[in-house]
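First to last, the sequence lines map onto chains U and G. For the first sequence, the numbering used here assigns the number 66 to the initial residue and increments by one for each residue that follows. For the second sequence, the numbering used here assigns the number 10 to the initial residue and increments by one for each residue that follows. Glycine included, each C-beta is placed from N, C-alpha and C at the ideal position.
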Amino acid sequence: MNTSSDIILEMQHIRKTFPGVVALDEVHFELRRGEVHVLLGENGAGKSTLVKILSGAYQKTSGRIVLHGRETEIHNPHHAQELGIGIIYQEFNLVPQLSAVDNIFLGREQHLPSGLIDQKRLAAAAQEVLDELGVKIDTRCPVGELGVAQQQMVEVAKALSQDAKILIMDEPTSALTEHEIKQLFTAIRQLKTQGVSIIYISHRLEELFEIGDRVTVLRDGKYIGTEQISDVTKSQLITMMANRELKAHFPKEKAARGDEVLKVSGLVRKGALDDINFSLYRGEVLGIAGLLGSGRTELARALFGIDRMDAGQIFINGKPEKIGSPKQAIDLGIGFLTEDRKSQGLIMALTVKDNICLPSVAEFARLGFVDGRAENEAADRFVRDLRIKTPGLNQQVMYLSGGNQQKVVISKWLCCQADILIFDEPTRGIDVGSKVEIYQLMNQLTARGAAIMMISSELPEILGMSDRIAVMSRGSIVGEFSAGEATQESILQCALGVT
Amino acid sequence: MQRDFLLHYGRQFGTLIGLLGLVLILWILTPYFLTVSNLLNVAQQTSINAIIAVGMTFVIITAGIDLSVGSIVAFSGVVLASALQIGIPLPLALVIGLAVGAVCGLVNGLLITYGKLPPFISTLGMMSVARGCALLYTGGRPISGFSPGFRYLATGELLHIPVPVIIMGVVYIIAHVVLTRTKLGRYTYAIGGNEEAALLSGVNVRAYKATVYGLSGMLSGLAAIILTARLNSAQPIAGMMYELDAIAATVIGGTSLMGGEGRVVGTLIGALIMGVLRNGLNLLGVSSFVQQTVIGSVIILAVLMDMALKKRRK
């Protein structure tokens, strides 16, 4: 099994840079015929980037890809398909209104001499592939009406019908029930016997031990190592994943902890949040750690009145409050810096001034008329205080850099005097210099008595800037640490549910 | 300041040059075109479309569309006319006319916000419903013959300027101020630019969107008043295709159908371009068949040029 002829794919010295960021650096990856090779790493470790290079979605900056013994350039997703590389994303690429058969052969329909689609032949071919997988699916029913697990099988069948020899599965079990996971694993084992190799991305360590043959760990875009899964323990893997370098310097200044401004008790949102309890105090940064999909953003959305809560109470400054809309949240002094600046945080076509003043326009208005001079003064003050680099207040924000855009979002909340600030990934996509400025700004805010709840996927950032840390997993808070006692490993263990 | 001015009005400046170029050409071709009386005539003919187009501009800035304006003109017109004929005092009758339009528009707005219908569908439905109501209300017959006091709104002059032109001017000044200086205006741009971000900034998106459609309906009611006064008759089949003229004026004026940008000044110029074109082609004796074709081409050309210019800016 271990002879070199079994190696069907080698990726060597892979490097990928985006403007200002090195996403992958000197990464190696090797895949044998018929193995399940797990790709493991924290959020942002570079797993997705690596498989996107393999599936043709990205082009590597440098390095070599050797496929079936020959050096190969993968130009685009279509080319990857032709090379026998199939990928199944978390978000399926299916047309929900079409049947399984139509989806499997979309774009590759076979025609009868009359020009009509040869339904019979396609149906038979689809059935054959599904039989190989050992799954039963109504192939004529619109796939949108099938369950998630069945839709996933349609995706797998689609890849196999294109003669995929390498199948990439990105978090394939995240939306499946226990029973469905069993079925998926049966299908995967079936594929292995047919010589299909599988690159398997997952955060769930238990699964890896059940289905994986080997594991490659990435961290901060770097190759950490490859191991036989039978030779490693969970804690060894966690040690490999954690211990990220503290790249940035965190200028944390502790502020005096004041009164409780926010208390959440028994918050439930069905399917997303389960019995959340915590408090937030003036002058502190509460870091919220957790993997993608652990419910961090959902918690922020519920607190800000975007999503309805099914149960639970929220107390602001000790008073019970109902938060039914963002407007109410803002009136209660809550500000929400969203994860996605472009689609939720800013109105790109509007000016710096208009964006800063948007939540507080009412305060600048007398009888509906906006006092332009007061607005200008306020906006100008924030541009100077936060050192927003812009040619003027009337510059459209789309022309600013990421860091300066983020400062505009923060100004927007400061302008309406929010003192409970929810920061969701505040430094994502921002250059190092601006990051430090944003950290300093957080210090100033807490020193003035504001309370910050910071959601972040960057463990060093969580450790470097928080006074307390809450860890979320599957919609619940599963652990709380004080800044002093937490380590990357302890947080990661908690988030992965390893005890 | 000058830089800011160009930044804000650059696009409108281009449209203005287009209008002036058109005026120049028509002046060369037919000297009568550039007489005061003809220009006032053009302004008067433009006024109805221009007033409806103000509402349309608001709606389109929110990234919506209003196909029902023409039918609302007809429905408001016949209700207003019947109110006048049964002897309701003029000011109250005018309010009724405006209110009918506003209510129709508000229904559009509520269907779009609370009913979550796409604006195209909701206003397409209202287009048919309002027209049907106008026909039902009148039994399909026009209502004609009004007092001179009412007709003054279309035929009168103040300082030699036709009253409809004055009304149009006042509407544009108010609309400009609302759009640039009030909360409603700011939110209109914000909703069209990024509805989600606006909502997350605490904007009551539903209320403001509904208001904008209500406004569009009310301005259709205003247009109905002028139209009824001018024709001395309210026709249930009035206002056919007005929605397309209003959309055309808005789009020629540089308001993007994607929402988030646009200015009423541009819409006024757009409406004037269409008015000038119709008037000029009439003076030149060009057939109405050719006019249709020319105006359609102008719309397409204006938007093509707009997109080309935008691309270059980026």
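- Query: Taking only beta-carbon atoms, is Val-297(U) less than 8 Å away from chain G?
  - Reply: Here residue 297(U) is taken as the residue at index 232 of the first sequence, counted from 1. Closer than 8 Å: no.
- Determine whether the Cβ of Ser-69(U) lies closer than 8 Å to any Cβ atom of chain G. Start at 1 with the first residue of the first sequence, and residue 69(U) comes out as number 4. Caution is warranted here: a pLDDT of 49 is assigned to Ser-69(U), below 50, making its placement in the model unreliable, and no coordinate value can be reported.
- Does Ala-184(G) get closer than 8 Å to chain U when you measure Cβ to Cβ? In the second sequence, the residue the question calls residue 184(G) occupies position 175. Not an interface residue.
- Message: Given a cut-off of 8 Å on the beta-carbon distance, is the pair Ser-522(U) and Gly-109(U) in contact?
- Response: Taking the first residue of the first sequence as 1, we reach residue 522(U) at position 457. Taking the first residue of the first sequence as 1, we reach residue 109(U) at position 44. In this structure, Gly-109(U) lies closer than 8 Å to Ser-522(U) by Cβ.
- Item | Below-8 Å beta-carbon distance, Pro-84(U) vs any chain G residue | Taking the first residue of the first sequence as 1, we reach residue 84(U) at position 19. Under the Cβ criterion of 8 Å, Pro-84(U) is not counted among the residues facing chain G.
- Query: By the criterion of Cβ-Cβ separation under 8 Å, what are the contact partners of Gly-202(G) in chain U?
  - Reply: Counting from 1 along the second sequence, the entry for residue 202(G) is found at position 193. At a C-beta separation below 8 Å, Gly-202(G) has these neighbours in chain U: Ile-412, Met-413, Ala-414, Leu-415.
- Residues of the region 388 to 409 of chain U with Cβ closer than 8 Å to any Cβ of chain G, in chain order: Cβ contacts with chain G come from Ser-390, Pro-391, Lys-392, Ala-394, Ile-395, Asp-396, Phe-401, Thr-403, Ser-408, Gln-409.
- Message: So, under 8 Å CB-CB, Ala-444(U) and Lys-418(U) are touching, yes? Tell me the CB distance rounded to an integer number of Å.
- Response: Counted from its first residue, the first sequence places residue 444(U) at position 379. Counted from its first residue, the first sequence places residue 418(U) at position 353. Separation of the CB atoms of Ala-444(U) and Lys-418(U) is rounded to 4 Å, and the pair is thereby assigned contact status at 8 Å.
- Message: So if I threshold CB-CB distances at 7 Å, which residues from the region 41 to 54 of chain G count as touching chain U?
- Response: Flagged: no residues at all.
- Task: Can you have a look at Ala-145(U) and say buried or exposed, based on whether 16 or more other CB atoms are within 10 angstroms of its CB?
- Result: Translated into the one-based positions of the first sequence, residue 145(U) becomes position 80. Taking every protein chain shown into account, the CB of Ala-145(U) has 16 or more other CB atoms within 10 angstroms, so this residue is buried.
- Query: If we ignore side chains and look at the alpha-carbon of each, how far apart do Pro-456(U) and Gln-505(U) end up?
  - Reply: As a position in the first sequence, residue 456(U) is number 391, starting the count at 1. As a position in the first sequence, residue 505(U) is number 440, starting the count at 1. One C-alpha to the other measures close to 23 Å.
- Can you find a C-beta in chain U that's less than 8 Å from the C-beta of Thr-302(G)? Position 293 of the second sequence holds residue 302(G). Between Thr-302(G) and chain U, the shortest Cβ-Cβ separation is not below 8 Å.
- Item | Every unbroken alpha helix (DSSP H) within the region 456 to 536 of chain U, with a cutoff of 4 residues, ordered by chain | Taken in chain order, the unbroken stretches of alpha helix (DSSP H) that lie wholly in the region 456 to 536 of chain U and span 4 residues or more are 467 to 480, 497 to 512, 524 to 530.
- Can you list, in chain order, the residues of the region 415 to 432 of chain U whose Cβ is nearer than 7 Å to any Cβ on chain G? Sequence-ordered contacts of the region 415 to 432 of chain U with chain G read Leu-415, Asp-419, Leu-423, Pro-424, Val-426, Ala-427, Ala-430 [C-beta pairs closer than 7 Å].
- Query: Measuring CA to CA, which of Ile-303(U), Tyr-346(U), Ser-179(U), Arg-406(U) is closest to Asn-203(G)?
  - Reply: As a position in the second sequence, residue 203(G) is number 194, starting the count at 1. Taking Asn-203(G) as reference, the option from Ile-303(U), Tyr-346(U), Ser-179(U), Arg-406(U) with the minimal CA-CA separation is Arg-406(U).
- Query: Is there at least one Cβ from chain U nearer than 8 Å to Leu-38(G)'s Cβ?
  - Reply: Taking the second sequence and counting its residues from 1, the one referred to as residue 38(G) is at position 29. No, no contact with chain U.
- Answer with yes or no whether the minimum CB distance from Val-435(U) to chain G is below 8 Å. Within the first sequence, numbered from 1, the residue matching residue 435(U) stands at position 370. Val-435(U) belongs to the set of residues whose beta carbon lies under 8 Å from a beta carbon in chain G.
- Item | Length of the line joining the Cα atoms of Ile-70(G) and Ser-131(G) | Position 61 of the second sequence, counting from 1, holds the residue named residue 70(G). Position 122 of the second sequence, counting from 1, holds the residue named residue 131(G). In a straight line, the C-alpha of Ile-70(G) is about 17 Å away from that of Ser-131(G).
- Query: Using a beta-carbon distance below 8 Å, is Met-227(G) in contact with chain U?
  - Reply: Sequence index remark: in the second sequence, residue 227(G) carries index 218 (1-based). No, because no Cβ of chain U sits closer than 8 Å to the Cβ of Met-227(G).
- Query: Beta-carbon separation of Ile-235(G) and Pro-173(G) under 8 Å?
  - Reply: The residue you call residue 235(G) lines up with position 226 of the second sequence. The residue you call residue 173(G) lines up with position 164 of the second sequence. Going by C-beta atoms, Ile-235(G) is nearer than 8 Å to Pro-173(G).
- Message: Would Lys-192(G) pass as an interface residue toward chain U - the criterion being a Cβ-Cβ separation below 8 Å?
- Response: For the purposes of this step, residue 192(G) is taken as residue 183 along the second sequence, with counting starting at 1. Judged by the 8 Å Cβ criterion, Lys-192(G) is in contact with chain U.
- Item | Residue of Phe-170(U), Ser-164(U), Asp-196(U) minimising C-alpha distance to Pro-207(U) | Taking the first sequence and counting its residues from 1, the one referred to as residue 207(U) is at position 142. Across the set Phe-170(U), Ser-164(U), Asp-196(U), the C-alpha of Ser-164(U) shows the shortest separation from the C-alpha of Pro-207(U).
- Three-state secondary structure (DSSP) of Lys-192(G): The count along the second sequence starts at 1 and reaches residue 192(G) at position 183. Three-state DSSP puts Lys-192(G) in a helix.
- Message: Going by the DSSP bridge assignment, what does Ser-306(G) pair with across the sheet?
- Response: Taking the second sequence and counting its residues from 1, the one referred to as residue 306(G) is at position 297. Per DSSP, none; premise fails for Ser-306(G).
- Message: Beta carbons nearer than 8 Å to chain G: which residues of the region 350 to 380 of chain U have them?
- Response: Shown in chain order are the members of the region 350 to 380 of chain U whose Cβ falls below 8 Å from a Cβ of chain G: Phe-369, Ile-371.
- By DSSP, does Tyr-86(G) sit in helix, in strand, or in coil? Within the second sequence, the letter at position 77 stands for residue 86(G). Checking the sequence, you will find Gly at residue 86(G) rather than Tyr. Looking at Gly-86(G) - three-state DSSP - the assignment turns out to be helix.
- Message: Can you give me the C-alpha to C-alpha distance between Met-66(U) and Gly-134(U), rounded to a whole angstrom?
- Response: By one-based count along the first sequence, residue 66(U) stands at place 1. By one-based count along the first sequence, residue 134(U) stands at place 69. With a pLDDT of 44 at Met-66(U), under the threshold of 50, the predicted position of this residue should be treated as unreliable, and no value is reported.
- Classify Tyr-123(G) as helix, strand or coil using the three-state DSSP reduction. Here residue 123(G) is taken as the residue at index 114 of the second sequence, counted from 1. Under the three-state reduction of DSSP, Tyr-123(G) is assigned to coil, being neither helix nor strand.
- Query: What in chain G is Cβ-close to Lys-477(U), meaning under 8 Å?
  - Reply: Along the first sequence, read from residue 1 onward, the residue named residue 477(U) stands at position 412. Annotation: Cβ neighbours of Lys-477(U) in chain G (cutoff 8 Å, chain order): Ser-210.
- Item | Expected contact under 8 Å - CB spacing of Leu-105(U) and Met-306(U) to nearest Å | Taking the first sequence and counting its residues from 1, the one referred to as residue 105(U) is at position 40. Taking the first sequence and counting its residues from 1, the one referred to as residue 306(U) is at position 241. Yes, they are in contact, since the Cβ atoms of Leu-105(U) and Met-306(U) sit about 6 Å apart, within 8 Å.
- Task: With 7 Å as the C-beta to C-beta threshold (strictly closer), list the residues of the region 269 to 291 of chain G near chain U in chain order.
- Result: Interface annotation for the region 269 to 291 of chain G against chain U: Gly-269, Glu-270, criterion Cβ-Cβ distance under 7 Å.
- Task: List the DSSP bridge partners of Ser-344(U).
- Result: Mapped onto the first sequence, residue 344(U) falls at position 279. In DSSP, Ser-344(U) forms a bridge with Lys-328(U).
- Closer than 8 Å, CB to CB, is Glu-166(G) near chain U or not? As a working note, residue 166(G) is residue 157 in the second sequence. No, Glu-166(G) does not count as interfacial toward chain U.
- Using three-state DSSP, classify Asp-254(G) as helix, strand or coil. Your numbering for residue 254(G) matches position 245 in the second sequence. In the three-state DSSP reduction, Asp-254(G) falls in the helix class (H, G or I).
- Message: Please report the distance separating the alpha-carbon of Met-569(U) from that of Leu-524(U).
- Response: Nothing can be reported for residue 569(U), as the shown portion of chain U is limited to 66 through 564.
- Message: Against chain B, with Cβ distances strictly below 8 Å, would Asp-75(G) count as a contact?
- Response: Chain labels in this structure do not include chain B; the protein chains are U and G.
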